[in-house]
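**Q** First, the structure itself, so that you have it in front of you.
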Amino acid sequence: MHSSVIEAGRDTSSTAAVADTVVPGFVDTLLRHRDELHDVLTRVATAQAASDELFRSLRALSGAPWEVLRNAPRRLGRLATFLPSNNLLYSYVLFGVIPSLYTDEVRIRPSARVAPAAMAVHEILGPHLRGPDGGRIVMEPVSQRRFLADCARSDAVVFTGQPDNGRAVAAELPGDALLLTFGSGPNPLVVGPEADPDAVCRTVLAARLYNSGQDCLCTDIVFVHRSLVREVVPRLAGALASIRVGERADPATRVAPLVYPDAVQEAAAFLSAYREFTVHGGRVDLARHVVEPTLLHLPWQDAFHPPEFFSPVVLTMAYDDPRQITRWLHSAEERARGMYVSVFGEPGLTGGTRIATSVVCEERITFDVEDGNRPFGGYGPLAGSVHRHGTATGRPLLLSAEAATGARP
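If you want it as structure tokens, here you go:
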């Protein structure tokens, strides 16, 4: 692997005009190289997820002129980005290509877990993204210590990863630097008494099994109203029994070997601890990194807070009254992790835009509402926050909006 640089000159036109000029070429580049990119992405994602990621990347690029026109970000000298270990192309577009429209230099550090694949994405696209209007993009697999030095000299930093590591990055930055930390949340899904059992089961699997469950938008817990438990749980078990488990590059594969050994180990430990609640599956092949599509059903527990599974584990929990879920979302743990809550057929939880720190998605899952040109996430500080002048504020994040002149404190 080697450092790769995309050079571009500076232009005196407005950022919106730059986007109108440059973005069509970016879109064309992605389309012309989609097969090469798909081959790279399936090193870390299922073929289904890789195809979806390509389309989401195209949509975000196509929306970039609107995004910068709407938000009017100020010109940044340098942006430093910690690339996540999944959604490599989409993250490269969101935190590299689009910001280069209003940044002189974007420096990207790929995750050490997937550095070869991330560098391959950059090497495919890099030579074709040269243009007279944007900034330059540099991607280099350097140590975190060295990259922190780049961060300290940057106007803005994007961090994707564990909150503790994000706070460590914040401690290294000057007070006036802008830091956006993107975390994760449990993204609960509520199956209310008015939900259609067949439709909601398809929805639950879409929300849980995206890229074998390896995505921060995946749902980690499904609350099922007691009146529908006997209809929904058996349907989910039957659907999971028919899930195709295979190799990532096979278009028919829904669940593949997991990319991260620690995710396999953590799933195995959880499934062992909650073995008595297993409805379907439960087997883990540590050597092959395969977690069998699994369903567990738990009784209501106020104090239960699911881990981020990052694996194909569907966890359901019975509830009797929507006030139980409201109370759960207002707990200290979930206020900190609040991202999204998807609500189907539960009128007791609809009508508002958020519950505690979680953004309400009515009759939609997280993948339906996620839009690369709009702020992402909820208001829980562990799910995502903006840091500046010694303060951290949890809120939905979009770099161009935070980089705007007169952005919120």
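If you're matching positions, the sequence shown starts at 1 in this note's numbering and goes up one per residue.
C-beta: ideal position from N, C-alpha, C; glycine also.
1) Helix or strand or just coil, what does DSSP make of E7?
2) Can you tell me whether V229 is helix, strand or coil according to DSSP?
3) Do L205 and A239 count as a contact pair if the criterion is CB distance below 8 Å?
4) Go ahead and label L31 buried or exposed: buried means 16 or more other beta carbons lie within 10 angstroms of its beta carbon, across all protein chains shown.
5) Entirely within the stretch 168-235 and at least 3 residues each: give me those beta strand (DSSP E) ranges in chain order.
6) Measure from the alpha carbon of P141 to the alpha carbon of each residue in E292, E123, G377 and A152, then state which is nearest.
7) Out of curiosity, what's the CA-to-CA distance linking V359 and V190?
8) Using only CA atoms, which one of A45, G25, V27 and V157 lies nearest to L258?
9) Determine, using beta-carbon pairs with one atom in the stretch 352-367 and one in the stretch 265-273, whether at least three such pairs fall under 8 Å.
10) Please list, in chain order, all residues of the same chain as R10 whose beta carbon is under 6 Å from its beta carbon, the five residues on each side excluded.
11) With three or more C-beta pairs closer than 8 Å as the rule, is the stretch 22-42 touching the stretch 111-125?
12) With a threshold of 8 Å, are at least 3 pairs of Cβ atoms found where one atom belongs to the stretch 225-232 and the other to the stretch 313-324?
13) Classify S342 as buried or exposed, calling it buried when 16 or more other Cβ atoms lie within 10 Å of its own Cβ.
14) In the DSSP assignment, what are the bridge partners of V264?
15) Secondary structure at D20, three-state DSSP: helix, strand or coil?
16) In three-state terms, what does DSSP make of H389?
17) Given a cut-off of 8 Å on the beta-carbon distance, is the pair G377 and A383 in contact?
18) Alpha carbon to alpha carbon, how far is S85 from V158?
19) Can you grab the Cα-Cα spacing for the pair F304 / I325, in whole Å?
20) I need the DSSP call for V44, collapsed to helix, strand or coil.
21) So A118 and L88 are in contact, right, with Cβ under 8 Å, and what is the actual spacing, rounded?
22) Just the Cα atoms here: how many angstroms apart are F26 and P163?
23) List the residues that DSSP assigns as beta-bridge partners of S342.
24) Quick one: what does DSSP say H280 is sitting in, helix, strand or coil?
25) Here's a check: name, in chain order, each residue in its chain whose Cβ is nearer than 6 Å to the Cβ of T181, leaving out the five neighbours to either side.
26) What is the DSSP secondary structure of R354, reduced to helix, strand or coil?
27) Taking buried to mean at least 16 other C-beta atoms within 10 Å of its own C-beta, is Q144 buried or exposed?
**A** Straight from the coordinates:
1) Residue mapping note: residue 7 aligns to position 7 of the sequence shown, counting from 1. Because the pLDDT of E7 is 41, which lies under 50, any placement of that residue in the model is unreliable, and the number read from its coordinates should be weighed accordingly. Coil at E7, not helix or strand.
2) What you label residue 229 is simply residue 229 of the sequence shown in a count that begins at 1. Helix.
3) Within the sequence shown, residue 239 is the residue found at index 239, counting from 1. Within the sequence shown, residue 205 is the residue found at index 205, counting from 1. Contact: yes.
4) Counted from its first residue, the sequence shown places residue 31 at position 31. So L31 ends up on the exposed side.
5) 178-182, 189-191 and 222-225
6) Translated into positions along the sequence shown, residue 141 becomes position 141. Here the closest residue by C-alpha is E123.
7) Within the sequence shown, residue 359 is the residue found at index 359, counting from 1. Within the sequence shown, residue 190 is the residue found at index 190, counting from 1. Their backbone Cα atoms lie some 13 Å apart in a straight line.
8) Position 258 of the sequence shown holds residue 258. Out of A45, G25, V27 and V157, A45 has the C-alpha closest to the C-alpha of L258.
9) no
10) Here the question's residue 10 lines up with position 10 in the sequence shown. Below a pLDDT of 50, predicted positions are generally treated as unreliable, and R10, at 39, falls in that range; the measurement from the model is reported next regardless. If we look at R10 and ignore the five residues flanking it on each side, it has no Cβ neighbours.
11) yes
12) yes
13) By one-based count along the sequence shown, residue 342 stands at place 342. S342 is buried by the Cβ-count criterion.
14) The residue labelled residue 264 in the question sits at position 264 within the sequence shown. BP columns for V264 are empty, so no partner.
15) Start at 1 with the first residue of the sequence shown, and residue 20 comes out as number 20. Correct three-state label for D20: helix.
16) Here residue 389 corresponds to residue number 389 of the sequence shown, with the count starting at 1. If DSSP states are grouped into helix, strand and coil, H389 belongs with coil.
17) What you label residue 377 is simply residue 377 of the sequence shown in a count that begins at 1. What you label residue 383 is simply residue 383 of the sequence shown in a count that begins at 1. Cβ distance < 8 Å, so G377 and A383 count as in contact.
18) Within the sequence shown, numbered from 1, the residue matching residue 85 stands at position 85. Within the sequence shown, numbered from 1, the residue matching residue 158 stands at position 158. Each residue's Cα considered, the two are about 14 Å apart.
19) As a working note, residue 304 is residue 304 in the sequence shown. As a working note, residue 325 is residue 325 in the sequence shown. So the two alpha carbons sit approximately 12 Å from each other.
20) For this step, residue 44 is matched to residue 44 along the sequence shown. V44 falls in the coil class under three-state DSSP.
21) The count along the sequence shown starts at 1 and reaches residue 118 at position 118. The count along the sequence shown starts at 1 and reaches residue 88 at position 88. That pair is a contact at about 5 Å.
22) Translated into positions along the sequence shown, residue 26 becomes position 26. Translated into positions along the sequence shown, residue 163 becomes position 163. Cα to Cα, the separation comes out at about 32 Å.
23) Indexing the sequence shown from 1 puts residue 342 at position 342. Paired residues: L189 and C361.
24) Here residue 280 corresponds to residue number 280 of the sequence shown, with the count starting at 1. Here H280 sits in strand by DSSP.
25) Position 181 of the sequence shown holds residue 181. Contacts found: F159, G166 and S385.
26) For the purposes of this step, residue 354 is taken as the residue at position 354 of the sequence shown. In the structure shown, R354 sits in a strand (DSSP, three-state: E or B).
27) Numbered from 1 along the sequence shown, position 144 holds the residue referred to as residue 144. Its Cβ having fewer than 16 others within 10 Å, Q144 is exposed.
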